[in-house]
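A.B. asks: I'd like to ask you about the structure that follows.
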Amino acid sequence: MKKLYFFIAFIITLSANAQHTTYDIGRWTLGGNIGGAYQKGDISNKLFGFGYGATLEYRLYNKKYRFFGFSLRGRYLKSETFGLGYQPHESFISNYALNGFGNSGVDYSNQLFFQNNNTEFEELSLEAMLRWNKLYENTGILFYLFAGAGGTDYVVKTNQLDEFGNQYDYSSINYEGNKSDIRKQLSDLLDDSYETDLDNRNYSRVVFTPTVGVGLGFRIAPRVDFALEHKISLPQTDYFDGQATKNNAPFFIQDIYHYTSLGLHFSIIKHHQGESTYTPTTIPTPTNPTNPTTTPYTQPVKPVIILSQPIATTFISPNCKVTIVAKITPDIKAQDVTFYHNNNLVATQNYSFTNNELKATVQLANGTNNFKIVAKKLAETTTKEFLLTCNEESTITICHKTPTGSRETINIKSSDWAMHEAHGDTKGACSETEKMITICHQVSSREGDIETIQIPESQWLIHKSHGDKMGACVPIAKSMITICLNNQSFEIEEAQWPSYQSQGARKGPCYTVKQITICHVPATGDKRQTLTIPESEWAIHQAHGDILGACPAVEPTITICHKEASGNKVTMSIPEFRWVEHFNHGDSKGECPRIEIPMMTICHYPAGSRTPQTIQIPATEWAAHQAHGDTQGACPVVVDADIQVCHYNATTGKKEQIIIKESEWPAHQAHGDTKGLCPLGANNPGTSTSITICHKDILTGNTTTMQIPATEWAVHQAHGDFMGVCPKVKKITICHVPTTGDQRQTLEIPESEWAIHQAHGDVLGSCPAVEPTLTICHKDVTGKKSTITIPEFRWVEHFNHGDTKGECPRVEIPMITICHYPVGSRTPQTIQIPATEWAAHQAHGDTQGACSVVVDADIQVCHYNATTGKKEQIIIKESEWPAHQAHGDTKGLCPLGSNNPGSTDLIAICHKDPNTGVYQTIQIAVSEVRTHLAHGDIEGPCTTQNNGGNTGGTGGSGGNEEKITICHYPPGNTNNPQTIEIPASAWPAHQAHGDTQGACAPTTGGNPGGIPGGAGGNLGNPRGGNNGGNEKITICHYPPGNTGNPQTIEIPASAWPAHQAHGDTQGACAPSTGNSGGNSGSSGNSGGNNGGSGNSGGNEKITICHYPPGNTGNPQTIEIPASAWPAHQAHGDTQGPCPSSSVKIKESTSKPGIKKSGIKKP
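Counted the way my numbering counts, the sequence shown spans residues 14 to 1175.
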């Protein structure tokens, strides 16, 4: 601090005694800088250390146009340097903290050793500067040299201990490579902590430091310079890098540090003094009366100022930056020229004066600017004054057209007029009133609505582009119609009908549809949904497991043992309504059985302790414990008995009788006590003769040199001690395997203990820094295998448990393509599934291969128009036919009659469908016959030759296949069984859905049955009655999912609406002689000779009890091919006939319209 005060006082003295001359720039300059420092010494530099500093300069000699200037400058600098040697240090280590002198625990004297350092320092110095003044005044570039001296306060640290306080092991460094490779190895080894301070008696923290340097500055603004400097400092110490090494350099050059910086210099004081005026002096001469003589007088030449630029005197903003050039003759000095702008003196750094030419670039102020140039030559002075004007750009008024088409009056710059003119603007203000026109405007918020409005004529093009018309609107009478959309009737304009039709609306009022509430089972999720549906849709929902009424607030759940795709079983809870799905996939009710791992008792010896412990472990862990010396069974019980010893009391110096635990005896024995009573005699008060022995601790095995009374030698000798000093124990380094953990430990142990450690898998030498690992296939206690990575030294333990090296093999499950029928949907989907899941899908009716493409063909129907009350011909998609059929529409043309005057005469033809190629008999108007015949249709009804065997079906046998009679239970209407005939090849599909061979049993009372879960908790008969005595009708039935195989059946007349809604037709099915053939026939007369899948014959049959999906309460005894047994077994079927049921249905005695079922015990 005293040095700093001295420096400030010195600068003030220089300022007070400086000569006073007029300057534009002050003498004081304050600077700041940042940069980097590096060292050059006994240890090579590693990298730049960040530094910063400040300077304060005073100009002692500062004549602007003199070649040189001279200044004094004070400097403060703070920075640091880093060093890292890349060759081993071979000479004496001068840092006592590393050579064992200062700390005996850290000594690199006889080891491979690389030096490093981190030196932090602060420097305070005074420098003399030599400046190139003229270069700076003429170009703004300043070059300067400086030299000085000061003091440096520094602190040296080194990084030679790791994070645990141990010396680094440099033996792994390969120092024969290049410099960068060696430094990279060292950087990987060192932790950059620099924890050790320099320790040496010759180490002085504050040293004298001479400095030299060079700088280059650039003027970036008046009184502000940017400077680049490089400074070299020579601290008078050889410990700046922490190591002193003798060399051949001069005595004053030892360690060196460099500092390169970027800085800013600010002139902070501007000094002025009055201008001096030159007065010519007359030289006096002696007076001679006879010949008076005077010195001749020379008239000074008056300077001439000629302004060459600018030529113009008026400028338009923003182009008001001008260059002024003035030539002054005769020769004149720069300090004799002054330049004024608006009566303010212009600083010399803002203009140049070279070769008698003044040059300045000036930004004019708005308005008139006055300038003055004053040139002096001895007693003559010339002044040149001139004016330059900067005017604002003129504006004009225009009529501007906005993006909306309206116009407004605005002012713009004259230079912007061309752009506005190109967009249709006009000069001058807009007229106050604009012509209005009448248009017919379409209201965007109300489709179809129009209104007459008036608009400015300039907006017409916008309205025209949106469809508006010129002139007033013509009123149009609106035609209203009634439509039905989403079961709501309302009126709309007829012009709006297409948009509503696209949303599914139909013309006419809505029909009254009775709604019912059901509890719906969704395709996914664990919560059923309460829905309201039309009553006509109930049969479909009932067939998929939905029930009448609202769903319960909380779903009942059950616990099941679930089998995953991998084969693992897990206990889980599911909603009760999902049980059938899980049952079909092989799950079972209740928790999964647990795998119990037997436990066993062992005597365990913990690591680091010789006291055994009785513990219980899983039997699977025994091999690992056995390998470490544990034994089966409980540890033996050790009784710690009391014993009497003769104890030497160190306080009294006498022996005394005491009783101790036997476990305490080794400690007493080690201190010279003896078992039994103390000996009698006069030698007890004192001490007996002592001898030196080598005593072995019976617990640890360690030997200790100790002294005992000679009388106790016999006892020690009997326990293996021997006379004399113990030999020095040799220790070895080992890599120790701990009981737990994935990292081994480097330990030092007596060589005598090596055999014990070797038996437990330890190895000689230090452990590796990174444990080698091994990839294995690990089997856990549940038997599941997984790929894991373990330390290599743990392999034996895993091998003993049955693990194997390498990754676990992957089980590749082939995928197959099937046609899947989702629950709740009749639309099949082509999907891919694992081959292992095929049996479950097959049991639910799915088929292998992609689904066949169904073409939704157009068909012609006779539609009843509820609005007009007449029938009309329309064309619909085939998929829309059931909905039209349910409302009474019929396929084909409408019949002739008085109720449909618009109909024409009809004729029957055999029409070929262009999509499927199938022929069918249809009726058409006589006027349309020519068109049909031109497309290949045949006049008259179709014959069997037209469709026979054109293309084979998808299954079954040929046209002459044997028929069998079965009792068929229609899906969704199982209470109404029907006796039908089917091809024998179709029997397995019917049998899987619960149908039975033979005719249905007749019923006479219309049993109400069919309600599951009767009054007693057992299952009622789901088949129910068939309302005996009901009139029968013959229909052509298209089975769901197999519509290519229509069947002629008889049904009660009351069931006809349900069948009609599903596409069945009244009357027997058309005969076919080959439609179900397998492959395509050769011609129309082939009759399907190529049969389909049919029975292969010879396949062994077995009897099973089959539980139909969705109707498991009605098991059925059926025969199946033996090859089909795995699929049935996977869905819960059992071999052998079903057990006989004694459940009987009790006739209902309830009120009419209410059905009940009762259970009567046998």
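By construction, the Cβ of each residue, glycine as well, lies at the ideal position given by its N, Cα and C atoms.
1) Are at least three pairs of beta-carbons, each pair with one atom in the stretch 162-176 and one in the stretch 186-193, less than 8 Å apart?
2) At the level of alpha carbons, what is the spacing between I656 and C616?
3) Please name the residue in T572, N179 and Q52 whose C-alpha comes closest to that of R591.
4) Under a Cβ-count criterion, where at least 16 other Cβ atoms within 10 Å of its own Cβ denotes burial, should F384 be classed as buried or exposed?
5) Per DSSP, K904 forms a beta bridge with which residues?
6) Using CA coordinates, which residue listed in E434, A431, M449 and S185 is at the minimum distance from S1203?
7) Going along the chain, which residues of its own chain have a beta-carbon closer than 8 Å to the beta-carbon of P1139, five neighbours each way excluded?
8) Could you name the residues of the same chain whose beta carbon sits closer than 8 Å to that of S799, not counting the 5 residues immediately before and after it, in chain order?
9) Thinking just about the alpha-carbon of each residue, which of G276, R236 and S217 is nearest to the one in L229?
10) In the DSSP output, what is V836 paired with across the bridge?
11) Check I266 in the structure and name its three-state DSSP category.
12) Pull up the distance between the alpha-carbon of G48 and that of L199, whole angstroms please.
13) Exposed or buried, I672, counting other C-beta atoms within 10 Å across all chains shown (16 or more means buried)?
14) On the DSSP letters alone, give me the boundaries of the beta strand (DSSP E) that A240 sits inside.
15) Tell me which residues share the same chain as V375 and place their Cβ nearer than 7 Å to its Cβ, disregarding the 5 neighbours each side in the sequence.
16) Under 9 Å, do H5 and Q1060 count as touching if we go by C-beta distance?
17) What are the residues that DSSP puts in a beta bridge with H708?
18) Could you give the DSSP three-state label for T849: helix, strand or coil?
19) Figure out for me which residue from Y513, K527 and Q528 has the closest Cα to the Cα of G521.
20) Would you check if there are 3 or more beta carbon pairs closer than 8 Å linking the stretch 95-113 to the stretch 50-57?
21) Just verifying my parser: in three-state terms, what is the DSSP assignment at R757?
22) Take E140 and list the residues in its own chain whose beta-carbon comes closer than 7 Å to its own, dropping the five residues that flank it on each side.
23) Ends of the beta strand (DSSP E) at S84?
24) Helix, strand or coil: which one does DSSP assign to Q124?
25) Determine the direct distance from the alpha carbon of P535 to that of T964, and round the result to whole angstroms.
26) Kindly indicate which residue of I494, E952, A620 and S1136 has the alpha-carbon position closest to the one of T881.
27) Quick one: using the 10 Å Cβ neighbour count with 16 as the cut-off for buried, is P692 buried or exposed?
28) Taking 8 Å as the cut-off, does the stretch 561-569 touch the stretch 772-781 (at least 3 CB pairs, one atom from each stretch)?
29) Going by Cα to Cα distance, which pick from H814, I888, I630 and W145 is closest to Q645?
30) Please report the distance separating the alpha-carbon of A863 from that of T830.
31) Use the C-beta contact count for D1008: other C-beta atoms within 10 angstroms, 16 or more gives buried, fewer gives exposed.
32) In whole angstroms, what is the alpha-carbon distance linking G774 and V750?
33) Does the beta-carbon of V658 have 16 or more other beta-carbons within 10 angstroms, so that it is buried, or is it exposed?
34) In terms of residues, what are the limits of the beta strand (DSSP E) holding T152?
35) Please report the distance separating the alpha-carbon of S246 from that of I106.
36) State the DSSP-derived secondary structure class of L474, mapped to helix, strand or coil.
C.D. replies: Well, looking at it:
1) no
2) Here residue 656 refers to the residue found at position 643 when the sequence shown is read from its first residue. Here residue 616 refers to the residue found at position 603 when the sequence shown is read from its first residue. In a straight line, the C-alpha of I656 is about 28 Å away from that of C616.
3) As a working note, residue 591 is residue 578 in the sequence shown. Here the closest residue by C-alpha is T572.
4) Here residue 384 refers to the residue found at position 371 of the sequence shown. Classification for F384: buried.
5) Counting from one through the sequence shown, the residue named residue 904 turns up at place 891. Beta-bridge pairing links K904 to V874.
6) With the chain covering 14 to 1175 only, the question about residue 1203 has no answer from this structure.
7) Residue 1139 sits at position 1126 when you count from the first residue of the sequence shown. These residues qualify, in order along the chain: A852.
8) Position 786 of the sequence shown, counting from 1, holds the residue named residue 799. So the qualifying residues of the chain are C790, H791, D793 and C821.
9) Sequence index remark: in the sequence shown, residue 229 carries index 216 (1-based). L229 has its Cα closest to that of G276, out of G276, R236 and S217.
10) Translated into the one-based positions of the sequence shown, residue 836 becomes position 823. Paired residues: none, contrary to the question.
11) Position 253 of the sequence shown holds residue 266. Residue state, collapsed to three classes: coil.
12) Counting from 1 along the sequence shown, the entry for residue 48 is found at position 35. Counting from 1 along the sequence shown, the entry for residue 199 is found at position 186. Each residue's Cα considered, the two are about 27 Å apart.
13) To locate residue 672, count along the sequence shown from 1; it is residue 659. I672 should be labelled exposed.
14) For the purposes of this step, residue 240 is taken as the residue at position 227 of the sequence shown. Note, A240: beta strand (DSSP E), V237 to S246.
15) Position 362 of the sequence shown holds residue 375. Excluding positions up to five away in sequence, the list reads V335, I337 and H354.
16) Any question about residue 5 goes unanswered here, given that the chain covers just 14 to 1175.
17) To locate residue 708, count along the sequence shown from 1; it is residue 695. For H708, which the question treats as bridged, DSSP gives the partners T717.
18) Against the sequence shown, residue 849 aligns to sequence position 836. Here T849 sits in helix by DSSP.
19) Within the sequence shown, residue 521 is the residue found at index 508, counting from 1. Closest by alpha carbon: Y513.
20) yes
21) For the purposes of this step, residue 757 is taken as residue 744 along the sequence shown, with counting starting at 1. If DSSP states are grouped into helix, strand and coil, R757 belongs with coil.
22) As a first step, residue 140 must be located in the sequence shown, where it is residue number 127. Closer than 7 Å at the Cβ level, and outside the excluded window around E140, lie R86, R88, F159, A160, G161 and T224.
23) For the purposes of this step, residue 84 is taken as the residue at position 71 of the sequence shown. Here the beta strand (DSSP E) through S84 covers F81 to L97.
24) Reading the sequence shown from its first residue, position 111 is the one you call residue 124. The answer is coil: DSSP assigns Q124 none of H, G, I, E or B.
25) The sequence position of residue 964 within the sequence shown is 951, counting from 1. The sequence position of residue 535 within the sequence shown is 522, counting from 1. Legend: pLDDT at T964 = 38, less than 50; position of this residue unreliable, no value from coordinates given.
26) Numbered from 1 along the sequence shown, position 868 holds the residue referred to as residue 881. It is I494.
27) The residue labelled residue 692 in the question sits at position 679 within the sequence shown. Burial call: exposed.
28) no
29) For this step, residue 645 is matched to residue 632 along the sequence shown. Minimum Cα-Cα distance from Q645 among the listed residues H814, I888, I630 and W145 corresponds to I630.
30) As a first step, residue 863 is located in the sequence shown; it is residue number 850 there, counting from the start. As a first step, residue 830 is located in the sequence shown; it is residue number 817 there, counting from the start. Straight-line Cα distance between these residues: approximately 6 Å.
31) In the sequence shown, counting from the first residue as 1, residue 1008 sits at position 995. By the 10 Å Cβ count, D1008 comes out buried.
32) To locate residue 774, count along the sequence shown from 1; it is residue 761. To locate residue 750, count along the sequence shown from 1; it is residue 737. So the two alpha carbons sit approximately 7 Å from each other.
33) Locating residue 658 in the sequence shown gives position 645, where the first residue counts as 1. That one is buried.
34) Your numbering for residue 152 matches position 139 in the sequence shown. Element bounds for T152: not the beta strand (DSSP E) but the alpha helix (DSSP H), N146 to T152.
35) Taking the sequence shown and counting its residues from 1, the one referred to as residue 246 is at position 233. Taking the sequence shown and counting its residues from 1, the one referred to as residue 106 is at position 93. Approximately 25 Å, taken between the alpha carbons.
36) Here residue 474 corresponds to residue number 461 of the sequence shown, with the count starting at 1. It is helical.
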